[in-house]
Amino acid sequence: MNDSSVTYTTLGSTGLDVSELCLGTMNFGSAEPWMLNDEDESRRILERALDLGINFFDTANAYSNGESERILGDAVDSARRDELVLASKVYFDMHDGPNGSGLSKKHIIDQCHATLDRLGVDYLDLYQIHRWDDDTPIEETLDALTYLVDEGLVRYIGASTMANWKFQKALYTADIEGYERFVSMQPEYNAVDRHEEANLLPVCEMEGVGVIPWSPLAGGFLAGKYERGDDLAEGRASTDEYTANRFSDENWAVLDEVRAIADAKGATPAQVSLAWLCQQDVVDAPIIGPRTMDQLEENVGALDVDLTDEECARIEAPKQPQWPVEGKD
257 MNDSSVTYTT LGSTGLDVSE LCLGTMNFGS AEPWMLNDED ESRRILERAL
307 DLGINFFDTA NAYSNGESER ILGDAVDSAR RDELVLASKV YFDMHDGPNG
357 SGLSKKHIID QCHATLDRLG VDYLDLYQIH RWDDDTPIEE TLDALTYLVD
407 EGLVRYIGAS TMANWKFQKA LYTADIEGYE RFVSMQPEYN AVDRHEEANL
457 LPVCEMEGVG VIPWSPLAGG FLAGKYERGD DLAEGRASTD EYTANRFSDE
507 NWAVLDEVRA IADAKGATPA QVSLAWLCQQ DVVDAPIIGP RTMDQLEENV
557 GALDVDLTDE ECARIEAPKQ PQWPVEGKD
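Its first residue numbered 257, the sequence shown is counted upward by one per residue in our numbering.
Have a look at this one:
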């Protein structure tokens with residue numbers, strides 16, 4: 257199965273073996289012009305990821321309104337199902353009208369069944385809440401997720417992107433009331449987006465929660481996709497204000513260091529950026545989102561790049577302020 261250097265780790269404090277890179281499938285679909293609209297090529301990338309040893313795949317019901325899940329399901333080799341870790345998410349709008357979104361018991365259970373149908377599998381390894389729902393008590397959400405675990409439809413539950421206090425409330429509620437506990441968190445985290453060092457990451461480290469960061473290359477910025485002075489008339493930054501707002505002086509300074517280190521090591525900026533993220537103690541498996549076969553191969557090559565403490569410090573130095581993370585100097 258594995259003809260590369262892909263290695264495995266356990267997710268947080270569980271015994272679940274996951275590859276040290278998770279392949280995200282948000283790019284597989286047709287909802288946005290920057291997505292990979294070629295379904296055959298999406299399937300080839302997924303199959304190549306399996307050959308390279310990646311066993312961890314992340315999707316969501318809202319990605320192209322279920323299209324991403326279907327594409328992933330079509331590419332999954334059922335003979336390897338016991339080796340694979342399939343993860344999906346629930347929260348965002350799936351249809352107009354009442355009960356089309358959120359984290360009510362009805363929406364979670366209905367959407368889990370729909371996700372399983374699109375993936376063509378009997379169970380999910382990891383089912384995650386895509387966001388916090390202010391309109392639904394966390395007890396109801398945890399009750400629904402616990403029900404899915406008890407029914408054998410879900411093995412583990414996880415969460416994504418929320419305030420520190422909300423995540424702690426969910427963990428402590430699960431402990432006190434006997435619900436299933438979140439075992440993983442998907443935060444935005446990369447060398448230029450480090451705000452979670454003062455929010456979710458200390459909680460995850462303290463509670464033994466696995467960390468699977470999204471946007472590990474900052475929308476292509478840390479891959480060296482853009483240059484100072486680009487008019488940004490093409491690509492994702494042309495339509496995505498969030499991506500365009502990454503072009504600050506501090507972030508360019510980080511990229512300068514990434515590029516210099518990459519040149520010295522005979523690596524690419526993307527590989528150095530991913531290597532920095534993989535070497536953070538709190539991180540288990542960054543979620544990569546390749547749109548081409550070359551990008552997939554390049555991303556996997558990051559696992560062969562070792563950075564010294566001095567090189568990591570150079571990458572981190574331009575960002576201010578730098579918030580302390582408990583347990584790190």
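Ideal placement from N, C-alpha and C gives every residue a C-beta, glycine not left out.
On a predicted model such as this, the values are computed, not experimentally measured, just so you know.
- Note on geometry: alpha-carbon atoms of A541 and T315 lie some 15 Å from one another.
- Sixteen is the threshold: when 16 or more other Cβ atoms of the shown chains lie within 10 Å of the Cβ of M282, as they do, the residue is buried.
- Per the C-alpha coordinates, the member of P546, A335, D338 positioned closest to R299 is P546.
- By the Cβ rule, the stretch 329 to 337 does not count as touching the stretch 353 to 370, because fewer than three pairs are nearer than 8 Å.
- In the DSSP annotation of this structure, M418 is not part of any alpha helix (DSSP H), being labelled neither H nor E.
- Going by DSSP, Y435 is part of no beta strand (DSSP E) at all; its letter is neither H nor E.
- With contact defined as three or more Cβ pairs closer than 8 Å, the stretch 431 to 451 and the stretch 266 to 280 are in contact.
- Rounded to the nearest whole angstrom, the C-alpha separation of L409 and D431 is 21 Å.
- For the pair of segments examined, the stretch 558 to 571 was found to touch the stretch 513 to 532: the number of CB pairs separated by less than 8 Å reaches three.
- Within the model, the alpha-carbon separation for R570 versus P525 is close to 14 Å.
- Taking all protein chains shown into account, T263 has fewer than 16 neighbouring C-beta atoms within 10 Å of its C-beta and is therefore exposed.
- In summary, P458 is buried, with 16 or more beta-carbon neighbours lying within 10 Å of its beta-carbon over all protein chains present.
- Counting other Cβ atoms within 10 Å of its Cβ, D389 reaches 16 or more and is therefore classed as buried.
- Beta-bridge pairing by DSSP links M441 to A415, V467.
- The Cβ atoms of N317 and K361 do not sit closer than 8 Å to each other.
- Contact between S261 and S286 fails: their C-beta atoms lie close to 33 Å from each other, not under 8 Å.
- C278 is bridged by DSSP to I543.
- Apart from sequence neighbours up to five positions away, the residues of its chain that approach R515 with a beta-carbon distance below 7 Å are G480, P525, ordered along the chain.
- Of the candidates Y347, P574, L277, G376, the residue whose Cα lies closest to the Cα of G309 is L277.
- For T548, there is no enclosing alpha helix (DSSP H), as DSSP marks it with neither H nor E.
- D449 is bridged by DSSP to nothing; it lacks a bridge partner.
- Around the C-beta of G376, fewer than 16 other C-beta atoms lie within 10 Å, and the residue is accordingly described as exposed.
- By the Cβ neighbour-count rule, D294 is exposed, with fewer than 16 other Cβ atoms within 10 Å of its own.
- Taken through DSSP and simplified to helix, strand or coil, Q424 comes out as helix.
- For the pair A447 and S529, the CB atoms are nearer than the 8 Å cut-off.
- The beta carbon of L398 lies closer than 6 Å to those of A430, Y435 in the same chain, with the five residues before and after it left out.
- DSSP places Q535 outside both helix and strand once states are collapsed to three, so it counts as coil.
- Taken through DSSP and simplified to helix, strand or coil, A343 comes out as strand.
- The DSSP-derived three-state label of T524 is coil.
- Under the DSSP assignment, Y403 falls in the alpha helix (DSSP H) whose first and last residues are 394 to 406.
- Sequence-distant partners of R450 (beyond 5 residues in either direction) whose C-beta falls short of 7 Å from its own C-beta, in its chain, are K575.
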